[in-house]
Amino acid sequence: MGVLGDVNLRSGKSVQKEGASELITINGETKPLSEFSAKDALKAIVGPENSILTPRKRRSKYGSKASISAGVIPSCSNRMSLTGDGKMRFRFRKADVKDCAAGISDYPKYVEGVQKAHEQWRHEAAALPYCARLRDIKSSIWRTAYKSAHLPYIDKESVGFRIQDSEDKASHRINSAYREVPQSCQRLPALSSVELKRVIDDFVTVAYCGGPINAISIAPNPMPNDEEVVVVVTYPCETTLAGKDMRKAQGLVQFWLHSSEGTRSGLRPWFVLKSNFGLVFDAHWLDRPKCCKEDTLIGFLALSTAHGALLIYRLDSTSVSSPCSDAKELPVVEPEPALILFQPKPWLSGGVIEENSEPRFPPPLTSIAWCTRDEAQYIVAVNAAGGAVIWDMQRSLDTPYVLLDSSWCSPAASATFIGGFEVALSFRERMIRVYDVRTYQCTLEENTVRTAGARATSQPRLFSGFFTFQSEYFPVGTDGTDVPLNGVSFVCAETKSEGFFVLCVHHFRHEFMTWDVNACSENAVIASCGADGKLLLSTNGRLVTTCHIKDYGFSLLKTALTLVRKRISTPEEESMEELLAKMEARQESVENASGNEQKRPAAPSYSTHEESLQSLWLDIYLKADSV
Numbered sequence: 001m002g003v004l005g006d007v008n009l010r011s012g013k014s015v016q017k018e019g020a021s022e023l024i025t026i027n028g029e030t031k032p033l034s035e036f037s038a039k040d041a042l043k044a045i046v047g048p049e050n051s052i053l054t055p056r057k058r059r060s061k062y063g064s065k066a067s068i069s070a071g072v073i074p075s076c077s078n079r080m081s082l083t084g085d086g087k088m089r090f091r092f093r094k095a096d097v098k099d100c101a102a103g104i105s106d107y108p109k110y111v112e113g114v115q116k117a118h119e120q121w122r123h124e125a126a127a128l129p130y131c132a133r134l135r136d137i138k139s140s141i142w143r144t145a146y147k148s149a150h151l152p153y154i155d156k157e158s159v160g161f162r163i164q165d166s167e168d169k170a171s172h173r174i175n176s177a178y179r180e181v182p183q184s185c186q187r188l189p190a191l192s193s194v195e196l197k198r199v200i201d202d203f204v205t206v207a208y209c210g211g212p213i214n215a216i217s218i219a220p221n222p223m224p225n226d227e228e229v230v231v232v233v234t235y236p237c238e239t240t241l242a243g244k245d246m247r248k249a250q251g252l253v254q255f256w257l258h259s260s261e262g263t264r265s266g267l268r269p270w271f272v273l274k275s276n277f278g279l280v281f282d283a284h285w286l287d288r289p290k291c292c293k294e295d296t297l298i299g300f301l302a303l304s305t306a307h308g309a310l311l312i313y314r315l316d317s318t319s320v321s322s323p324c325s326d327a328k329e330l331p332v333v334e335p336e337p338a339l340i341l342f343q344p345k346p347w348l349s350g351g352v353i354e355e356n357s358e359p360r361f362p363p364p365l366t367s368i369a370w371c372t373r374d375e376a377q378y379i380v381a382v383n384a385a386g387g388a389v390i391w392d393m394q395r396s397l398d399t400p401y402v403l404l405d406s407s408w409c410s411p412a413a414s415a416t417f418i419g420g421f422e423v424a425l426s427f428r429e430r431m432i433r434v435y436d437v438r439t440y441q442c443t444l445e446e447n448t449v450r451t452a453g454a455r456a457t458s459q460p461r462l463f464s465g466f467f468t469f470q471s472e473y474f475p476v477g478t479d480g481t482d483v484p485l486n487g488v489s490f491v492c493a494e495t496k497s498e499g500f501f502v503l504c505v506h507h508f509r510h511e512f513m514t515w516d517v518n519a520c521s522e523n524a525v526i527a528s529c530g531a532d533g534k535l536l537l538s539t540n541g542r543l544v545t546t547c548h549i550k551d552y553g554f555s556l557l558k559t560a561l562t563l564v565r566k567r568i569s570t571p572e573e574e575s576m577e578e579l580l581a582k583m584e585a586r587q588e589s590v591e592n593a594s595g596n597e598q599k600r601p602a603a604p605s606y607s608t609h610e611e612s613l614q615s616l617w618l619d620i621y622l623k624a625d626s627v
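Note that full-length UniProt numbering gives residue 49 to position 49 of the sequence shown, counting from 1, and the numbers run on in steps of one.
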């Protein structure tokens, strides 16, 4: 080809170097070197059919912005970072309060897409088959062992409660001293409910389950009269929760029926199930709709127990007789589990078992996740040792795979399936890892302090991702005005570039720990409850489903319910007199420099249920605070 010199960056013409020949031959044609450009020379090398020039960038439908619906992560954004395993992580900017209502006109289209995605999931899930072990479970009638009058908590009463107006908060703060529980408060006996009314169209239903609630789960299929079946698991002790011996405790699971009509709802107890495997820690339904309306199936229910076994029951609308209006006449049933899933034998790990030694149990199971895909054969449970136990019911029920890596710095806390065969495991160290239950390989890791949490939950009917949040107490500053650094975040791994999105859901957060988070499959509204007594409802246009063609810009939040705990205390007038007396006594002690100063005693704490009944009550505020 000859000799080429340097290239002028403005004109593209070659600059002849000293000592180079003045003529150059390319493809048999000889020309002066000054007449050739670098472009002509390179075209002659690669040929006319190929091009080495960068193609002109076409502006996509979504431009250069990040889009969850399109799976696009802009590589040039300062919101993007690389994780330790080389994946791109894009975190959306926190929703601003003044801009949260932007794009609210698209909300009807957003809800329409959510409903379409929910119907699509229903048709697809109903057509999926069951594995052989689940197909072999037939409908049965559960006989009544005894009545609910013999339950250990049937004679208990709830703390007092009353419904209040939000306008009265200021007056309650000024005159908040009560010598006794107000007469306007009412109490509920165990296994009963009541509907409270504030104004014409403002109602709330309150039910008392007889103890601290550990787990709540709603069945995938309703009763023939469209009542929802709600499972409630309670702790036996208000002081220590698990009691003295959790393996010898009664495993009692309550079944309630929930009905709704407009803005009103009702709750009534149905029956109580008793298991003989110790205390029940979690209850989880297989989230699958029935294939036809004539089917009596309510759902398959999995219970985690203190014995370390996982119990599976099949519940039908005909399994138990119709509900009774008397809370002490409810049936208590003791059916045999249809399936019992065991952990590996504890003695296989080594050690010598003596002849008269007490029986050894595997670690209790604390959290359950059930895969709805394929034939619903995969179940994951987190045990108290911090491992994830994975059962494949097509293989064996007593030889599961225990996922417990030596590289983990903390135990696993909870598990949830996020669609397909991937399960998200949350860890105490505020880290989320996603594993494939078929290969046991980690496919995603989120460990950012501000977004990753110790708890994880999901709504696989709509979203291919999971919600992560903290579930622990943390300080909020000495003056109580500092906002916690962590809230509820959504992590979505559906991208075209092997990365994932992180979206902050709540622009306002709970003042104390977040107890639980869930999303409604009908309208994608996210509900969260916390130790501050608030029930927050939020919606975010970036939480898109497979039926959405674009992201939406709105983000809304409102407080639907607030519970304020009150206690009896000394009236403010007496408190001021005591304060003045303390100040005078302090001055005298400083002048005389003798005697010890008496400190004001702290507010009393109530550790038993009986003490709480006498000294505490709840004020319920229903007026929503919209933002």
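The C-beta atom is built at its ideal place from N, Cα and C for all residues, glycine as well.
When the five nearest sequence neighbours on each side are left out, the beta carbons in the same chain lying within less than 6 Å of the beta carbon of residue 146 are those of 332, in order along the chain. Looking only at 529, 581, 284, the smallest Cα-Cα distance to residue 513 is reached by 529. DSSP places residue 614 within a helical segment (H, G or I) once states are collapsed to three. Nearest to residue 277 by C-alpha distance, out of 336, 511, 223, 403, is 336.
Note on geometry: alpha-carbon atoms of residue 218 and residue 284 lie some 8 Å from one another. By the Cβ neighbour-count rule, residue 119 is exposed, with fewer than 16 other Cβ atoms within 10 Å of its own.
If you check the CB distance, residue 517 and residue 469 come in under 9 Å. Residue environment analysis places residue 221 among the buried positions, since at least 16 neighbouring C-beta atoms fall within 10 angstroms of its C-beta.
Going by DSSP, residue 113 is part of the alpha helix (DSSP H) stretching over 107-126. The stretch 354-388 is shown to contain whole beta strand (DSSP E) runs of 3 or more residues at 365-370, 378-383, in chain order. Secondary structure note for residue 134: its alpha helix (DSSP H) is the uninterrupted segment 132-135. Taking a contact as a CB-CB distance under 8 Å, the pair residue 188 and residue 181 does not count as one, their CB atoms being some 14 Å apart. By the CB criterion at 9 Å, residue 121 and residue 458 fall outside the cutoff. Between residue 367 and residue 282, the C-beta gap is smaller than 9 Å, which places the two residues in contact. Taking the Cβ atoms as the reference, residue 155 lies roughly 30 Å from residue 622, outside the contact range of under 8 Å. Counted as a single uninterrupted DSSP element, the stretch harbouring residue 404 is not any beta strand (DSSP E), since DSSP gives it neither H nor E. The criterion of a C-beta distance shorter than 9 Å is satisfied by residue 330 and residue 191. The stretch 438-454 makes contact with the stretch 75-88: 3 or more CB pairs, one atom from each, lie closer than 8 Å.
One thing to note: residue 444 has its Cβ no nearer than 9 Å to the Cβ of residue 382.
By the neighbour-count definition (other C-beta atoms within 10 Å, threshold 16), residue 619 is a buried residue. DSSP assignment within the stretch 415-473 yields the following whole beta strand (DSSP E) runs of 3 residues or more, N-terminal first: 422-427, 431-436, 442-446, 455-457, 465-469. Counting only residues of its own chain and dropping the five nearest sequence neighbours on each side, residue 499 has a CB closer than 7 Å to the CB of 73, 87, 88, 89, 90. A Cβ-Cβ separation of about 17 Å leaves residue 310 out of contact with residue 274 under the 8 Å criterion.
Your pair residue 223 and residue 257 checks out as a contact, with CB atoms roughly 7 Å apart and the cut at 8 Å.
Burial state of residue 179 is exposed, judged by a 10 Å Cβ sphere holding fewer than 16 other Cβ atoms. DSSP places residue 555 in the uninterrupted beta strand (DSSP E) bounded by 555-567. Residue state for residue 327 is assigned as helix, using DSSP reduced to three classes. Put simply, the backbone Cα of residue 384 is about 17 Å away from that of residue 244.
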